[in-house]
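Student: What follows is a structure written as structure tokens; I'll ask about it next.
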Amino acid sequence: MSFTAEQIATVLNGTIEGDSSVVVNNFSRIEEGKPGTLTFLANPKYTHYIYSTNASIVLVNNDFVAEQPVRATLIRCFNAYAALAILLDMVEKTKPQKTGIEPMSYIAPDVKYGEDIYVGAFAYIAENVKIGDNTKIYPQVYIGDNVTIGDNTIIYPGVKIYQGCTVGNNCIIHAGVVIGSDGFGFAPEDGVYKKIPQMGIVIIEDDVEIGANTTIDRAVMDATIIHRGVKLDNLIQIAHNVEIGEDTVMAAQVGVSGSTKVGKHCVFGGQVGLGGHITIGDNASIGAQSGIISNIEAGSKILGSPAIPVRNFFKSSVVFPKLPDMYRQLAQLQKDIEELKSNLNK
Amino acid sequence: MSFTAEQIATVLNGTIEGDSSVVVNNFSRIEEGKPGTLTFLANPKYTHYIYSTNASIVLVNNDFVAEQPVRATLIRCFNAYAALAILLDMVEKTKPQKTGIEPMSYIAPDVKYGEDIYVGAFAYIAENVKIGDNTKIYPQVYIGDNVTIGDNTIIYPGVKIYQGCTVGNNCIIHAGVVIGSDGFGFAPEDGVYKKIPQMGIVIIEDDVEIGANTTIDRAVMDATIIHRGVKLDNLIQIAHNVEIGEDTVMAAQVGVSGSTKVGKHCVFGGQVGLGGHITIGDNASIGAQSGIISNIEAGSKILGSPAIPVRNFFKSSVVFPKLPDMYRQLAQLQKDIEELKSNLNK
Amino acid sequence: MSFTAEQIATVLNGTIEGDSSVVVNNFSRIEEGKPGTLTFLANPKYTHYIYSTNASIVLVNNDFVAEQPVRATLIRCFNAYAALAILLDMVEKTKPQKTGIEPMSYIAPDVKYGEDIYVGAFAYIAENVKIGDNTKIYPQVYIGDNVTIGDNTIIYPGVKIYQGCTVGNNCIIHAGVVIGSDGFGFAPEDGVYKKIPQMGIVIIEDDVEIGANTTIDRAVMDATIIHRGVKLDNLIQIAHNVEIGEDTVMAAQVGVSGSTKVGKHCVFGGQVGLGGHITIGDNASIGAQSGIISNIEAGSKILGSPAIPVRNFFKSSVVFPKLPDMYRQLAQLQKDIEELKSNLNK
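Residue numbers (my numbering), protein chains in the order written: chain A, 1 to 346; chain B, 1001 to 1346; chain C, 2001 to 2346.
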């Protein structure tokens, strides 16, 4: 498919600067843009590429000011990244969709499912499962007894959902994700650990996306809850009885310990670790690799292990490499003062 | 099923305080307890909920002292958490158990297996595998050639066990676990890395539980060994030739490098990293996110990266945010002293 | 199979010291060496074991100098570890190889594949896939539409490769790896996150090994690229549009954020985290658990979070536990100086 700048600007409600008849048939990144492709500029780090890119069209924010001549046709939009998303979405939707139930899948006789679902070969759907309309279950997925899955949800190959858990509408669960494995609960008894059976479930609400090989444990009782709109990256660990608030995003390899409650609209960098039984307020922003062991107030911006306000962390980190010098200087000062004192006392 | 406080106290060998005829038919968490449910109090952080919970029965430790009136019936036990485990266990055991060999599984002709096993659809059991009695192999599990698995073990969906490894009795291996993948061994040669074939195996002893998507590499020769009673949480990495001592527990996302030996009864927080070729003594306690690069004595309690005694770590962490001030103060003191010196020398 | 020291020395082009007729039929580690086995000494930490090992043959580097009598026959080689690799490789190659296409696998009608491939049961090979000669696809692997895989590559059980990705020749992909899952891209819009469709692919070049449960996300456009000879350990996260240079090795649980470029011949310790949109120069060495948020020059050796030169990190880490003392001393010095000043002003 080919589109002119004019057609694209119409879709995006954008303003054209340059040749409105130029045609593109693919996307590219700005630093590697080829003629006939459309690219975008959202991250200011990449601004210098706009003067050299060979892409034919560049989506830019309305407030972009060119400091040199730009060869490409510009389309100015309210938000270049969101505009790109709209275009990518349109292309994505033209792709053929999988439907139907492939042979060599296993679906228990009492499973209830809606219209236009896809079930791939070697998928296993156990007893009393309910699946909504338009949902796709890829090959080799395991859905345990009594699981409920909503409409328009995509479960990629090899996902494992243990018995009793629920997944909402419009969710995307990537390959290798495990939902509902036992929480890590043991009672020490005479030097060995006795397992605490984990009787609860996991609830994944609507519009949640979960990255590859992430694991979410079932609650000891009640439920581990991932609320509407949460986005989890790959290889994240969510322990039992955790609750993640609406529209919170977590980058890869974050770990959240048991019974911790994370608020809404929080942003987590990668490899963050949260201790158990704590509360993270809404809109908190937690930098990569932070370690958190106590409650965090709403709106905090923190970093480090243990985490402190971001600005403090960076200021102290700048001093950290000077510690050996400071140590020596301090010793020297002590000596100097002793000397001064004894001189004065003479 | 419903039980009276009296029936439960009898099972647990506990003492009743309050109405011994009250009936419960489910479990709840103390902060969300509903009438007709049983809950427990083990973590002191939750003590205040006991005065407001609507649960009908609360298991408490013998030494619990109420500071306000408690509506619920109390059952005093030696260890409330362990008592809960006993009750949960009883309920768990009433659940119907999977047995039998489902069609669309693959079992090599020479596989030997005991009584009452379960093998789910799309499970693959390769040549010369031995499986004990009452063991459950869920759908989509892969068991390589010459693997041995004991009695009463549960292998959840999608677990992959490479050839030659052994798993003991009463183990629980959660979905997505990989046992016996190649250790990370390469010899640099003319600027490229030549693979060192990994000829050893993994030995999982009895009573081990392994969390979802954890990976345990086979040894270069001999064996990587997880000893009796070890509990590993999700997304843990155990490298080749590692040995983990009996009854050691590790929280999620811990990584243990090659040839390291971990002692018995150790406790690891999440996201800890251990270097290679080191020894961790028995009963060591290693705080979350610690980094360990040298041997650790038995009984140590350490934290940080590099790890130091826990108390030291916290004390130094309190000073860390003051580093910029200290840096300025130190410079000021140097100036002051220079000034004093020159004044004295006048 | 049994071999004499003489036969082995001939293969390795090594020099014998001791009984050249001694026979071995297995490998062992030096600390647990049994008679009739061959072991090796590469890591100096293990040197003391050479005087007590019961192994019959020890491979040592040419420059090894015995400080006590050694019972075993020594074979001196240019590089003992690489020599071991050659022997292990020879044994590995004598093992029977899986070939053929097992029943209960799914291969789309238009798949093109070469000679002597193996496809295990419950493997799913989707439309328009191309697979080279001698490649092994183990059970329960998923290969999406339009994927291309080269010759002599091993895809272990349960690997998931999303549509459109390519894997080169002589690669080894361990169980549970996910290649081509969606990159983590969302545009915030009115407080919720709108998914940016990820239209690119993943390219895995030749001679790459990828450890168990590692995840590599597809690019938003263009490709995430793992170049020739890269070795990734287990549970690593590679985000969208990342590029990893030739012959770079990464230990387990490393996380690389989006659009970051890693150079050639770099060495990463475990649990390192790289920020997004940065460049790591060739031959950089990054210590375990480091956090990197800006570009790193070629050849750097860094450690810490944020990372600084390794020597500085260790020097400062030694001072870190002394911070509380320094803080007190500093306060004391301030007092002393005030006192001195006021004494002088009297």
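Idealized CB from N, CA, C, for every residue including glycine.
Excluding the 5 residues flanking C/Tyr-2113 on each side, which residues of the same chain have their C-beta closer than 6 Å to its C-beta?
Tutor: Ile-2131
Student: Please name the residues in the segment 1159–1185 of chain B whose beta-carbon is closer than 8 Å to at least one beta-carbon of chain A, in chain order.
Tutor: Ile-1172, His-1174, Ala-1175, Gly-1176
Student: Looking at chain C, is there any beta carbon in it that lies within less than 8 Å of the beta carbon of A/Ala-126?
Tutor: no
Student: Who are the Cβ neighbours of B/Asp-1207 in its own chain at under 6 Å, not counting the five residues just before and after it?
Tutor: Asn-1170, Arg-1228, Gly-1229
Student: Let me know the secondary structure DSSP gives C/Leu-2138 once reduced to three states.
Tutor: The residue asked about is misnamed: residue 2138 of chain C is Tyr in this sequence, not Leu. Coil at C/Tyr-2138, not helix or strand.
Student: How long is the line joining the alpha carbons of B/Arg-1311 and A/Ile-293, rounded to whole angstroms?
Tutor: 15 Å
Student: So which residues of chain C does B/Ala-1331 contact, with C-beta pairs closer than 9 Å?
Tutor: Result: empty, since nearest Cβ-Cβ is about 11 Å, beyond 9 Å.
Student: Can you tell me which of the three DSSP states B/Val-1011 falls into?
Tutor: In the three-state reduction of the DSSP assignment, B/Val-1011 falls in the helix class, which pools H, G and I.
Student: State the start and end residues of the unbroken beta strand (DSSP E) segment that holds B/Thr-1224.
Tutor: 1223–1226
Student: Below 7 Å on C-beta distance, what does A/Glu-189 contact in chain B?
Tutor: Residues of chain B passing the Cβ test: Ala-1082.
Student: Spell out whether any CB of chain B is found under 8 Å from the CB atom of C/Ile-2137.
Tutor: For C/Ile-2137, the nearest beta carbon of chain B is not closer than 8 Å to its own beta carbon.
Student: If the cut-off is 8 Å on Cβ atoms, which residues from the segment 2252–2286 of chain C count as contacting chain A, listed in chain order?
Tutor: Gln-2253, Gly-2255, Ser-2257, Gln-2271, Gly-2273, Gly-2275, His-2277
Student: According to DSSP, is A/Ala-85 helix, strand or coil?
Tutor: helix
Student: Assuming A/Asp-217 is part of the beta strand (DSSP E), what are its boundary residues?
Tutor: 215–217
Student: B/Gln-1140 CB to nearest chain F CB: under 8 Å?
Tutor: Absent from the structure is chain F; the protein chains it does hold are A, B and C.
Student: Alpha carbon to alpha carbon, what distance is there between B/Thr-1094 and B/Leu-1087?
Tutor: 11 Å
Student: Quick check: the Cα distance between C/Lys-2322 and B/Ser-1316, rounded to an integer number of angstroms?
Tutor: Near 7 Å, if we compare the C-alpha coordinates of B/Ser-1316 and C/Lys-2322.
Student: Just verifying my parser: in three-state terms, what is the DSSP assignment at A/Ser-28?
Tutor: Looking at A/Ser-28 - three-state DSSP - the assignment turns out to be coil, as it is neither helix nor strand.
Student: With 9 Å as the C-beta to C-beta threshold (strictly closer), list the residues of the segment 2304–2316 of chain C near chain A in chain order.
Tutor: Gly-2304, Ser-2305, Pro-2306, Ile-2308, Pro-2309, Asn-2312, Phe-2313, Lys-2315, Ser-2316
Student: Quick check on A/Ile-155 - is its C-beta less than 8 Å from some C-beta in chain B?
Tutor: no
Student: Run through the DSSP bridge pairs and tell me what B/Ala-1307 is partnered with.
Tutor: B/Gly-1304
Student: Identify the residues that DSSP records as bridge partners of C/Pro-2188: which are they?
Tutor: As computed with DSSP, C/Pro-2188 is found in a beta bridge with C/Tyr-2193.
Student: Considering just the uninterrupted stretch of the alpha helix (DSSP H) at C/Glu-2071, what are its terminal residues?
Tutor: According to the sequence shown, residue 2071 of chain C is Arg rather than Glu. Counting along the chain, C/Arg-2071 sits inside no alpha helix (DSSP H), nor does DSSP assign it H or E at all.
Student: Please go through the same chain and pick out, in chain order, the residues whose beta-carbon is closer than 6 Å to the beta-carbon of B/Gln-1140, but skip the five residues on each side of it.
Tutor: Result list for B/Gln-1140: Phe-1122, Pro-1157, Gly-1158, in chain order.
Student: Sort out for me which residues DSSP pairs A/Gln-237 with in a bridge.
Tutor: A/Thr-215, A/Gly-255
Student: At 8 Å on the CB atoms, spell out the chain C contacts of B/Ala-1066, in chain order.
Tutor: Those do not exist, as B/Ala-1066 stays about 40 Å from chain C at its closest Cβ, beyond 8 Å.
Student: If the cut-off is 8 Å on Cβ atoms, which residues from the segment 105–126 of chain A count as contacting chain C, listed in chain order?
Tutor: Gly-120, Ala-121, Phe-122
Student: What is the rounded straight-line gap between the Cα of B/Asp-1151 and the Cα of C/Ala-2239?
Tutor: Going from the Cα of B/Asp-1151 to the Cα of C/Ala-2239 covers about 41 Å.
Student: Alpha helix (DSSP H) containing A/Ile-337: first to last residue?
Tutor: 323–345
Student: With distances taken from CA atoms, which of C/Thr-2135, C/Tyr-2081, C/Tyr-2106, C/Thr-2004 is nearest C/Glu-2127?
Tutor: C/Tyr-2106
Student: On the DSSP bridge assignment, give the partners of B/Tyr-1124 in chain order.
Tutor: B/Tyr-1106, B/Tyr-1142
Student: With distances taken between CB atoms, is the gap from C/Ile-2226 to C/Glu-2205 smaller than 8 Å?
Tutor: yes
Student: Any heavy atom of the ligand HEM closer than 7 Å to the Cβ of C/Thr-2099?
Tutor: As for the ligand HEM, it is missing from this structure, which has no ligand bound.
Student: Any C-beta of chain C sitting closer than 8 Å to the C-beta of B/Asp-1233?
Tutor: no
Student: Using DSSP with H/G/I as helix, E/B as strand and the rest coil, what is B/Phe-1314?
Tutor: helix
Student: Which residue from A/Leu-235, A/Val-262, A/Val-91, A/Ala-251 puts its Cα closest to that of A/Met-1?
Tutor: A/Val-91
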